[in-house]
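Protein chains: 2
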Amino acid sequence: MRDFLPADKARRERVLAVIRDRYRAHGFDEIETPVVEEYDRLHAGMGGDNEKLAFNVMKRGLDADAIRGAADDPAALSDLGLRFDLTVPLARFYASHRAELPEVFRSIQIAPVWRAERPQKGRYRQFVQCDIDIIGDASARAEAELIVATLDTLDALGLEGGVVRINDRRALDAMLDMFGFAADERPGVLITVDKLDKIGPTGVVAELRERAATASAVDALETFLGREPVAVAEYGDAQIRAGLPAGVPDEVVAHLTGLGAAVRAARGAEQVPLVFDPFLVRGMGYYTGTIFELAHPSVSYSLGGGGRYDGMIGRFLGQDVPAVGFSIGFERIVDLVAAVTDAGAASVVLVHDRDVPVDELVALKAGLVARGSRVRLEQRKKNMKALLERAAADGYTSFASVSAGADVDALEIRPLG
Amino acid sequence: MRDFLPADKARRERVLAVIRDRYRAHGFDEIETPVVEEYDRLHAGMGGDNEKLAFNVMKRGLDADAIRGAADDPAALSDLGLRFDLTVPLARFYASHRAELPEVFRSIQIAPVWRAERPQKGRYRQFVQCDIDIIGDASARAEAELIVATLDTLDALGLEGGVVRINDRRALDAMLDMFGFAADERPGVLITVDKLDKIGPTGVVAELRERAATASAVDALETFLGREPVAVAEYGDAQIRAGLPAGVPDEVVAHLTGLGAAVRAARGAEQVPLVFDPFLVRGMGYYTGTIFELAHPSVSYSLGGGGRYDGMIGRFLGQDVPAVGFSIGFERIVDLVAAVTDAGAASVVLVHDRDVPVDELVALKAGLVARGSRVRLEQRKKNMKALLERAAADGYTSFASVSAGADVDALEIRPLG
């Protein structure tokens, strides 16, 4: 977990302001939930592997007997935990407040989550996620709104050229079914297929054989992976059909095709910024339909992703409600964004002699603030150069020297550096 | 702990934006620390009673033996905890990053803290504090900058008329010393004196006798409390001297007087918005000098407070650094602020027939967003009145009806409600 110093914090806040502004423009509304959720809710099987990474909060007032009694059941020591994602809290939130929300609810959540991962480069135990979700709309309109809002937000951050890789869990499932994988082995098969980018077709086939997946199904998959690629550049019906074995249900193909037409219409670009990836898996078990992942030409890793999870809210509400979400990884985005300039007020460092009375100093500062400036007081030092460089690095653009008896309207304000 | 729905969340964000903007104008810089700190740091005696209210985070991977072994020492089960204030994290932050910060460092922290309080009206277990602190300046300039920034922020929120009650721990200490309370009984005496507003002079004296404080000292205090009030309306030397027994060190009186002159000079008001309260205590043990509390005529409770804590950073750094802070209770402030209007973009609800194709809808929305609007798509319903009222309540100001084939430039956009 990290501290953020002023320059970093200001940069993060400016990037967040752009993201919030774009999401809001696209009709999403921000909500907030507490950082802790009930232990049982966080460990109900909806968080996948992230559940194991939860930071759990100890019950208050535990006595020695209670602790001893929990020796073989550490979960009994916890009643709360830090959220590991924003999806489980959203589902809980929606189930609690449905009556107060619009029928189609478009939410923004911009907030930290926590995972007790082993420390490694570029991974943090506290990090900010930016999620948009649409609850109550089963149509491809919802997916299209999410994708267009996300790409528009990247554009606004100067990260034009974002591409969304798309697949559909129903297509994946139909494909595995056609190859001959049994329903109960498919989750394990998907874990291996998910490594296709890393270990290639040969690696995937070898790993599936090693884990004794149905041999004829592995053969069928191998044949399919080894087929001649069909050259279909543009996202659309032809590309989608070329990526799938014949026989995947037409409605799934139509959903994916319709999504492409909608994104093309909204973006108005000749090249629709979508790529169909029939082997995109996305780890979470709760996805039920479209899944997507955000790529950008400047980096090899994904900047975010999401998908449709029509079953999850029903777990809380006892009644299924369609839902789809797109999450961007703020920590990855913020590192890519070139400096976002602060279009704020003029800023002045007031460098004062040691003998200027406090009341004069504070009045001069108040006078400049009232005139719209950001103001920092600094006592004159021998090393003025270092002092002014420091202020410039902190974003100040001008300075003035102040002696006793100075008049706020007569200050000579000079540019810094 | 609470969920915030869109209207509440938007209101909170707008109030926070005003607070941030004013604090920044006064030369403060925002920082951020992780929400969890090390257990030992949170329980080092710097958090007063709040330490007992900390939510502690369980160590990961505890086995049965480790849990059993901790039965009589629950602290051994935790290595982290949720922060209960922003002062302990700031002291840790400053000690870690001093070399990267300006010599006089003015920090903003706007962030949630957690306390496991018994649920009661108006108290939350997660709540936002807004702290400004000045580290590295021992002069009254620092106190004056904090007070002026705080009052300016209240003004900007439409809460003019804020008043800061002021005292100095050194004055309190000198007073108790003169009455004859022994040094080791003074912390307990202060706890009782702190109740003066609630239980009155008679109650304070009775409680001190009950807890067997030095009898002659209690008599001296009783005499002092029963003295004829001196009519001194204006904050300044006369008011301060009238509030204290003769003999309090001149330097303390001069510090308090100088602070008044500075605030008056900065605020330019005829009436300086300060009140000297010789029995203001503020609970925390770490205060070493000036202490203050923010009052507003519209409410009987305090909206914030702070003081000088010159010793605390030394606990982390091994070298004393002067520090003073002013914290406002965001949850209390936000309830007092009249609606802050969203000076944002135009906003339009696009009410569409069921048969408008998704690509047309998404393109219309994108077109309006590109023209600077915030846009929500809504499918036409039988009860259009409820739908439009809902949108108006969510902050939308206009709407347009859309049929298949609509042109974004020919939409008839009408005001809502």
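The listed protein sequences correspond, in order, to chains A and B.
What the first sequence shows, in my numbering, is residues 372 to 788, in sequence order.
What the second sequence shows, in my numbering, is residues 372 to 788, in sequence order.
All C-beta atoms in this analysis are idealised placements derived from N, C-alpha and C, irrespective of residue type, glycine included.
Remember, it's a predicted structure, so these values are computed and weren't measured experimentally.
Item: Simplified DSSP state of B:MET429, which is helix, strand or coil; Value: strand
Item: Chain B residues whose Cβ lies nearer than 9 Å to that of A:HIS468; Value: ASP374 and LEU376
Item: A:GLY678 and A:PHE663 closer than 8 Å at C-beta; Value: yes
Item: B:ALA553 vs B:PRO620 beta-carbon contact at 8 Å; Value: no
Item: Neighbour-count burial assignment, A:GLY518, 16 or more Cβ in a 10 Å radius; Value: The question names Gly, yet the displayed sequence has Ile at residue 518 of chain A. So A:ILE518 counts as buried.
Item: Rounded separation between B:GLY766 and A:ILE537 - CA only; Value: 34 Å
Item: Three-state secondary structure (DSSP) of B:VAL720; Value: strand
Item: 8 Å Cβ shell around A:ASP450 - same chain, five flanking residues per side excluded; Value: GLU409, TYR410, VAL428 and LYS430
Item: Neighbour list for B:MET429 in chain A, Cβ cutoff strictly below 8 Å; Value: PHE426, ASN427, VAL428, MET429, PRO445, LEU448 and SER449
Item: Own chain, CB closer than 8 Å to B:TYR672, minus 5 neighbours either side, in chain order; Value: ARG703
Item: Within chain A, the residues that B:THR404 reaches when beta carbons sit closer than 7 Å; Value: ASP374
Item: Within chain B, the residues that A:GLU401 reaches when beta carbons sit closer than 8 Å; Value: PRO377, LYS380, ALA381 and GLU384
Item: Positions along the region 430–441 of chain A whose CB lies within less than 7 Å of some CB in chain B; Value: ARG431, LEU433, ALA435, ILE438, ARG439 and ALA441
Item: Delimiting residues of the alpha helix (DSSP H) encompassing B:PRO558; Value: 557–564
Item: Outcome for B:LYS736 when other beta-carbon atoms lying within 10 angstroms are tallied against a minimum of 16; Value: buried
Item: Partner residues on chain A for B:ILE734, Cβ-Cβ distance less than 7 Å; Value: Per the sequence shown, the amino acid found at residue 734 of chain B is Ala instead of Ile. What B:ALA734 touches in chain A: ALA636 and ALA637.
Item: Within the region 570–614 of chain B, ranges of the alpha helix (DSSP H) (whole runs, at least 4 residues); Value: 586–596 and 608–614
Item: Residues that B:SER510 contacts on chain A, provided the C-beta gap is smaller than 7 Å; Value: VAL729
Item: Contact check, A:PRO718 vs A:SER744, beta carbons under 8 Å; Value: Here residue 718 of chain A turns out to be Ser, not Pro, going by the sequence shown. Yes; because the gap between Cβ atoms is below 8 Å, this pair is in contact.
Item: Three-state secondary structure (DSSP) of A:PRO377; Value: helix
Item: Same chain, Cβ closer than 7 Å to A:GLY631, neighbours up to 5 away in sequence not counted; Value: TYR606, GLY607, VAL643 and LEU645
Item: A:ARG421 burial status per 10 Å Cβ neighbour count (16 or more: buried); Value: The residue asked about is misnamed: residue 421 of chain A is Asn in this sequence, not Arg. Looking at its Cβ environment, which holds 16 or more other Cβ atoms inside 10 Å, A:ASN421 is buried.
Item: C-beta neighbour in chain B for A:GLY629, strict 8 Å; Value: yes
Item: Assigned secondary structure, A:ASN538 (DSSP; H/G/I helix, E/B strand, else coil); Value: strand
Item: Residues bridged to B:ALA666 (per DSSP); Value: B:VAL534
Item: Residue-level contact to chain B via CB, A:ASP420, 8 Å cutoff; Value: no
Item: At least 3 beta-carbon pairs within less than 8 Å: the region 395–404 of chain A vs the region 452–469 of chain A; Value: yes
Item: B:ASP502 - containing beta strand (DSSP E), residue span; Value: 497–506
Item: For B:ASP450, the first and last residue of its enclosing beta strand (DSSP E); Value: 449–453
Item: DSSP-derived helix/strand/coil call for A:ARG653; Value: coil
Item: Candidates B:LEU674, B:ASP539 and B:TYR658: closest to B:GLY532 by CA position; Value: B:LEU674
Item: Whether B:ALA764 touches B:LEU782 by CB criterion (8 Å); Value: no
Item: Burial state of B:ASP434, where buried means 16 or more other Cβ atoms lie within 10 Å; Value: exposed
Item: From A:GLU384, A:HIS397 and A:ASP374, residue whose alpha carbon lies closest to that of B:GLU742; Value: Per the sequence presented here, residue 742 of chain B reads as Arg, with Glu not at that position. Of A:GLU384, A:HIS397 and A:ASP374, the residue nearest in Cα terms is A:HIS397.
Item: Within-8 Å CB hit, A:ARG761 to chain B; Value: yes
Item: Neighbouring residues, chain B, relative to A:PHE464 (Cβ below 8 Å); Value: ASP374
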